[in-house]
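Shown next, in C-alpha cells, is the structure this report addresses.
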Amino acid sequence: MPVLVMKFGGTSVATLDRIRRAAKRVGVEVAKGYDVIVIVSAMSGETNKLVGYVEETSPLFDAREYDAVVSSGENVTAGLMALTLQEMDVPARSWQGWQVPVKTTNAHANARIEEIPTDNITAKFDEGMKVAVVAGFQGISEEGRITTLGRGGSDTTAVAFAAAFGAERCDIYTDVDGVYTTDPRICEKARKLDRIAFEEMLELASLGAKVLQTRSVELAMRYKVKLRVLSSFEEQSDEAGTLVCDEEDIMESNVVAGVAHSRDEAKMTLVSVADRPGIASAIFTPLADAGVNVDMIVQNISDEGRTDMTFSCPTNQVARAEQAMEAAKEAGDINFHSIIADESVCKVSVVGIGMRSQSGVAAKMFRVLANEGINIKVITTSEIKISVLVERKYMELAVQALHDAFDLDKVA
Ligand code: ASP
Ligand code: MG
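Under the numbering used here, read the sequence shown as residues 14 to 425, first letter to last.
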C-alpha cells in the first residue's frame, strides 16, 4: 500500500470537535487506499502552558525534565486521535516517539532525529492497521531519555516519517491555506502560492515565516519529500494548499517569490576594535558560546588600525551579547571603545531563485526603499536572498512597497 503522512498542527486538534474533523480527513485518504501515518501536535496553547509550568518551577531547568514535561501534550492528542478513528471504524493505533522508536541525539529541547526504524509500524500495517497516529515533536535519546525537537518540531517529525517510509506525500494541515507571498496580516495583496521551491521555502522559514519549522524544510529538500501545506478548515481538493517542491517542478515563477520580515531585531556595534588577524574570531566565538544567534555581520574599513564591527541578533539576546562582549574585554581577548545597541530595527528580505539568473534585483529593492524615504542600516545577500535592516516603524511600509514593486500580487 502507498503510504501518506498527514500532520495536524495545534489549531487542527485544539478541541475534540476539531480532532473529529481531522479524523474524517484521514478517513477519506484511507478510503483511497493509503496506509496513513498521522503526526499530531499538542492542542494549541498546550505546549506553551507546559513550558510555563517548567519555567515557574525551575528557572534554570534541567533540560531532560523539560522534555519529559513538554513532550506530554502530544501524547494526549495521539491517543485521542486514535480513539476518534476507532470510533469511525478505522483501524488505528497511537505511538509515542519512544515506541516507534524515533531515535534522536542527546541535545535535549533541540534534538535531531537520527533514525526512524520502520519495522514496528510496518508490521502493524501488514496486520491490517490502517492508521498509525504518532505523537510529533518527541523522540528518545541514545541514553534512553525522552527528547523534544525544538518548538514547531512536529513538522520535522512528519517530514522525517515521510522520508523513512517513502511516503507519496507529506501533507501539513494547519490554520492557513498555504504559503503566501508575504504575511497577509501586513499586506492585504498577499497571494497564496500554488508551488514554492524547497530553497525558497527554506529561506522564508528561516527569515521568520512561521508556517513550517526550518529543519523540516531542510529534511524535505534533502530527501525529496513532496511537502504540501494546507488548511484543515476548508474542503480539500488534491490541488489545495501550497506544494513545496523541486524548482524543476515549477513551470513559471516570479523573480522574487516572497517578502519576509522579522520584527524584533537589534543592531549591535562594537566601536573601535583593533583591526588584526583573529579579531572576528575573538568577537564571535564568545557570542556563539553565549548562545547569541548572530545573523548579519558587517566590518567597516579600518582607520589607523581600528575598525567598527556591526552585527544583528534578536532583541531578547542583546543583554546576553553585551555581557559576553564585556567579559571578553575584561579577559583581554578584545578591546573596544563602546557598544551601541540599536533595538528599534527589523529585517525585511526578498527571496527568489530567479535572482540567480536575473541581475538588478538588489538595485530595484534599494530604489523602492529609497522612494519611500526608508533608510537602510545593514545589507546582506545570498544567492537567492537580499536582506536589509531598517527602522521597525517602517516594516509594514517596506513589505507593502516591495510586494507591489515586484508584482507579487500577480502570477508571473
Ligand atoms: N507542540 C509543539 C510546539 O508547540 C510542537 C509542534 O506543535 O510542532 O512547539
Ligand atoms: Mg507549527
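Glycine included, C-beta positions come from ideal geometry on N, C-alpha and C.
Only a predicted model underlies this, so the values are computations on that prediction, with no experimental measurement involved.
Please determine if the segment 122 to 132 and the segment 173 to 185 are in contact, where contact requires at least 3 C-beta pairs separated by less than 8 Å. Flag = yes, the segment 122 to 132 and the segment 173 to 185 touch.
Which residues have their C-beta within less than 6 Å of a heavy atom of the ligand MG, listed in chain order? Cβ-based neighbours of the ligand MG within the cut-off: G22, G165, D168.
Rounded to whole angstroms, what is the Cα-Cα separation between V115 and I153? By 1-based counting over the sequence shown, the position of residue 115 is 102. By 1-based counting over the sequence shown, the position of residue 153 is 140. The alpha-carbon atoms of V115 and I153 are separated by roughly 6 Å.
To the nearest angstrom, report how far apart A293 and Q336 are at their CA atoms. Looking up residue 293 in the sequence shown gives position 280. Looking up residue 336 in the sequence shown gives position 323. Computed Cα separation, rounded: 17 Å.
Taking Cβ to Cβ, would you say V272 is nearer than 9 Å to A210? Your numbering for residue 272 matches position 259 in the sequence shown. Your numbering for residue 210 matches position 197 in the sequence shown. In this structure, the beta-carbon distance from V272 to A210 does not fall below 9 Å.
Pick helix, strand or coil for L162, following the three-state DSSP scheme. Here residue 162 refers to the residue found at position 149 of the sequence shown. DSSP places L162 in coil when its eight states are reduced to three.
Short Cβ contact (9 Å threshold) for V26 with S57: Indexing the sequence shown from 1 puts residue 26 at position 13. Indexing the sequence shown from 1 puts residue 57 at position 44. Taking 9 Å as the cut-off, the beta carbon of V26 is found closer than this to the beta carbon of S57.
Hey, is the segment 140 to 157 in contact with the segment 97 to 113, meaning 3+ C-beta pairs nearer than 8 Å? Yes, the segment 140 to 157 touches the segment 97 to 113.
Is any heavy atom in the ligand FAD found nearer than 8 Å to the beta carbon of T227? What this structure holds is the ligand ASP and the ligand MG, not the ligand FAD.
Let me know the secondary structure DSSP gives E181 once reduced to three states. Position 168 of the sequence shown holds residue 181. Under the three-state reduction of DSSP, E181 is assigned to coil, being neither helix nor strand.
The alpha helix (DSSP H) spanning I134 covers which residue range? Along the sequence shown, one-based indexing puts residue 134 at 121. Element bounds for I134: 132 to 139.
Just to confirm, are Y66 and E181 a CB contact at a threshold of 9 Å? Within the sequence shown, residue 66 is the residue found at index 53, counting from 1. Within the sequence shown, residue 181 is the residue found at index 168, counting from 1. Y66 is not a Cβ neighbour of E181, given a cutoff of 9 Å.
Which term fits K143, buried or exposed, when burial requires 16 or more other beta carbons within 10 angstroms of its beta carbon? Taking the sequence shown and counting its residues from 1, one reaches residue 143 at position 130. K143 comes out buried.
With distances taken between CB atoms, is the gap from A253 to D190 smaller than 9 Å? One-based indexing of the sequence shown puts residue 253 at position 240. One-based indexing of the sequence shown puts residue 190 at position 177. Closer than 9 Å, so yes.
Measuring from the CB of S54, is there a heavy atom of the ligand ASP at a distance below 8 Å? Taking the first residue of the sequence shown as 1, we reach residue 54 at position 41. At least one heavy atom of the ligand ASP lies less than 8 Å from the C-beta of S54.
Using the C-alpha atoms, what's the distance from F297 back to M309? On the sequence shown, position 296 is the one that residue 309 refers to. On the sequence shown, position 284 is the one that residue 297 refers to. Here the alpha carbon of M309 sits roughly 12 Å from the alpha carbon of F297.
Count the CB pairs spanning the segment 187 to 204 and the segment 271 to 287 that are closer than 8 Å, and state whether there are at least three. Yes, they touch.
What does DSSP give as the partner residue(s) for Q151 in the beta ladder? Taking the sequence shown and counting its residues from 1, one reaches residue 151 at position 138. According to DSSP, which records beta bridges pairwise, Q151 is partnered with T161.
G40, enclosing alpha helix (DSSP H) - first and last residue: Within the sequence shown, the letter at position 27 stands for residue 40. 29 to 44 is the extent of the alpha helix (DSSP H) around G40.
At which residues does the alpha helix (DSSP H) containing Q336 begin and terminate? For this step, residue 336 is matched to residue 323 along the sequence shown. 331 to 343 is the span of the alpha helix (DSSP H), which, as asked, contains Q336.
State yes or no: is the C-beta of T255 within less than 9 Å of the C-beta of D207? For the purposes of this step, residue 255 is taken as the residue at position 242 of the sequence shown. For the purposes of this step, residue 207 is taken as the residue at position 194 of the sequence shown. Yes, Cβ-Cβ distance for T255 and D207 is below 9 Å.
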